[in-house]
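Taking it in order: structure first as structure tokens, then the write-up.
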Amino acid sequence: MVYVPIVPGFIMRTSIASVTPDTPTAAVTGWVHEIRDLGGLAFILLRDRTGILQVTIPKKKVPEAVVETVRSLSKESVITVEGTVKAIEKAPGGRELVPERITLVSASESPLPLDVAEKVQAELDTRLDARFLDARRPRVAAIFQIRSRVQRTVHEFLYEREFINITTPKIVAAATEGGTELFPIAYFEKEAFLNQSPQLYKQMMIAAGFDRVFEIGPIFRAEEHNTTKHLNEATSIDVEVSFAGHEEVMQLLEDLVIACYRDVERDCPTQIAAIEYEAFAVPKPGFKRLQYKDAIDIAAPKLDEPIAYGDDLSTAAERAIGEEMGEHYFIVDWPTEIKPYYAMPYEDNPAVSKAFDLMHPRMELSSGAERVHQHDLLRRQIAAKGLNPDNFGFYLSPFRYGMPPHAGWGLGAERLVTTMLGLQNIREAVLFPRDRHRLVP
Ligand code: AMO
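My numbering numbers the first residue of the sequence shown as 7 and each following residue consecutively.
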């Protein structure tokens with residue numbers, strides 16, 4: 007990888023990956039990953055985001071000033087090394103740099119709060135406390151480079167299909183997904199909350215005639231429990247489409263998930279190698295559809311806790327069903343009573359809704375539905391959930407003035423990355439995760 011200029015006319019840094027065995031000379035700036043002093047010979051491993059370069063210092067053959075600098079150097083300091091490149095098989099990338107000059111750009115204190123070069127992983131909490139150092143580790147940096155690639159694919163994929171990228175408020179006056187998981191905030195003299203989902207707003211933009219909208223943004227859920235798949239601040243990839251039914255947006259979701267995997271496989275081979283997840287595999291098209299009632303039948307005999315038609319799927323149930331399915335799949339035809347009020351019931355069987363979940367064998371990735379677009383039915387469904395439709399005035403009003411039929415979904419960005427890369431804990435896929443105990447950094 008060669009750095010492209012961010013603006014013309016400024017001196018560009020040489021990236022480590024661009025130094026090859028036949029580069030004659032190089033001046034490279036990076037972090038001191040490791041220092042080894044073997045007496046007559048010393049080695050520095052120099053690191054930047056593109057890779058690692060071995061700097062070899064035969065003390066008798068390099069200027070005395072170089073030897074002096076190396077002696078006082080601490081790990082994770084930023085240095086510039088200028089010298090000649092030699093091809094050598096044993097070194098990473100098949101080359102080494104023999105310095106004529108080393109300049110200390112920015113010294114690092116020691117000891118470090120977290121050893122970047124340490125092969126053994128530290129506790130997740132220790133790592134998250136010193137996230138800037140943790141993220142210097144190639145394995146950790148690779149996760150966020152892949153996450154960035156995934157978010158780029160989502161943009162490209164949706165722009166190609168003529169979606170409009172929207173931004174909706176995160177400070178709101180009411181719950182979207184049910185009242186229990188809300189974060190109240192102090193908002194002048196009013197009661198306000200952090201938004202759980204752009205749901206109501208993306209539907210309002212369907213009423214505005216935007217046809218196809220998406221948003222990648224934060225959602226806030228006051229989940230009380232610390233689990234390896236829940237965050238209190240997550241990133242949702244939200245989509246809403248006019249004149250579409252649930253089948254159409256399910257296909258869109260499947261195509262998007264596969265596109266993300268394909269792009270990562272093509273563009274991020276070094277990152278996948280750094281993560282050492284050998285099971286990385288692009289899912290096969292044609293995700294299976296499992297009816298909710300059949301999902302219950304699969305889970306029931308495998309669980310200690312009883313589960314029956316009409317229950318939500320517990321983590322244990324999801325896992326039992328996931329083991330049976332073995333790959334990505336949809337759960338369809340959910341009981342209307344356990345899906346949100348905005349999900350459209352089947353005309354010929356209103357007890358069942360045109361709602362779906364996209365599942366990875368390990369966890370749910372996305373929920374979606376064809377939506378209720380009829381004002382009176384929506385009012386009734388809100389009331390049936392024990393909510394007061396009069397509190398939903400701003401949301402209900404658009405349904406009185408020409409609301410087209412529509413469908414959509416929300417896909418958890420962190421869960422997509424967590425399952426794609428086989429990460430043990432969803433916090434691995436977030437730079438600064440928010441959970442019950444973690445508010446800093
Ligand atoms: P839902 O509540 O199922 O649906 O959320 C959609 C997806 O967002 C992710 N997600 C989370 N990820 C991490 N931590 C959390 N606490 C968390 N909560 C949700 C999951 C989930 O599948 N309005 C609907 C979507 C729609 O119908 O368009 C909604 O919010 O991956």
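Positions of the beta carbon are idealized from the N, C-alpha and C atoms, including for glycine.
- Partner residues in the beta bridge of S242, as assigned by DSSP, are G223, G418.
- Listed in chain order, the non-local C-beta contacts of I225 below 8 Å within the same chain comprise N201, Q202, S203, P204, E239, A240, T241, S242, G416, local neighbours out to five positions each way being set aside.
- Boundaries of the alpha helix (DSSP H) harbouring V146: 144-166, taken from the DSSP string.
- Burial check for K360: the Cβ neighbour count within 10 Å reaches 16 or more, so the residue is buried.
- The closest heavy atom of ligand 1 lies 7 Å or more from the beta carbon of D441.
- Straight-line measurement puts the Cα of E246 at about 50 Å from the Cα of E115.
- The Cβ atoms of V270 and V156 lie closer than 8 Å to each other.
- At the C-beta level, V91 and T174 stay beyond 8 Å of one another.
- Of all C-beta pairs linking the segment 284-302 to the segment 159-168, fewer than three are shorter than 8 Å, placing the two stretches out of contact.
- Within the chosen limit of 7 Å, ligand 1 reaches the beta carbon of L371 through at least one heavy atom.
- Per DSSP, D382 is one residue of the alpha helix (DSSP H) stretching across 381-390.
- The beta carbons of V87 and I108 sit about 5 Å from each other, so the pair counts as a contact at 8 Å.
- When distances are taken from the beta-carbon of Q205 to the heavy atoms of ligand 1, the shortest one is below 7 Å.
- Residue Y315 holds the alpha-carbon nearest to the alpha-carbon of I344 among P11, Y315, M331.
- Its Cα nearest to that of I41, the residue T75 stands out among T75, V68, F16.
- Within 7 Å of the C-beta of I50 there is not a single heavy atom belonging to ligand 1.
- The residue among K235, Q60, L309, A357 with its C-alpha nearest the C-alpha of P27 is Q60.
- With 16 or more other Cβ atoms inside 10 Å of its own Cβ, E420 counts as buried.
- Using a 10 angstroms sphere on the CB of H231, the tally of other CB atoms stays under 16, which defines it as exposed.
- Closest in C-alpha terms to D54, from the list I388, L44, E82, Y347, comes E82.
- Cα atoms of V178 and F199: separation of roughly 5 Å, rounded to the nearest angstrom.
- F400 counts as exposed, since fewer than 16 other C-beta atoms from the protein chains shown sit within 10 angstroms of its C-beta.
- In this structure V68 is buried. Its beta-carbon is surrounded by 16 or more other beta-carbon atoms within 10 angstroms.
- Look at the beta carbons and you see the segment 419-439 touching the segment 125-141: at least three pairs across the two are nearer than 8 Å.
- Cβ neighbours of C266 within its own chain (closer than 6 Å, five residues either side excluded): V156, T159.
- Around the beta carbon of K391, a 10 Å sphere encloses fewer than 16 other beta carbons of the protein chains shown; the residue is thus reported as exposed.
- Selection L296, I313, V358, N355 evaluated against M331 yields L296 as nearest (Cα-Cα).
- When secondary structure is reduced to three states using DSSP, S80 falls in the coil class, being assigned neither helix nor strand.
- Nearest Cα to R442 within the set L383, L237, D318, M18: L237.
- Only residues of its own chain outside the window of five on either side were considered, and among them P439 have a CB closer than 6 Å to the CB of R433, listed in chain order.
- Separation of the CB atoms of Y347 and I388 is rounded to 5 Å, and the pair is thereby assigned contact status at 8 Å.
- DSSP places A301 in the helix class (H, G or I) of the three-state scheme.
- The nearest non-hydrogen atom of ligand 1 is 7 Å or more from the C-beta of L319.
- Residue range 252-273 is occupied by the alpha helix (DSSP H) that includes H252.
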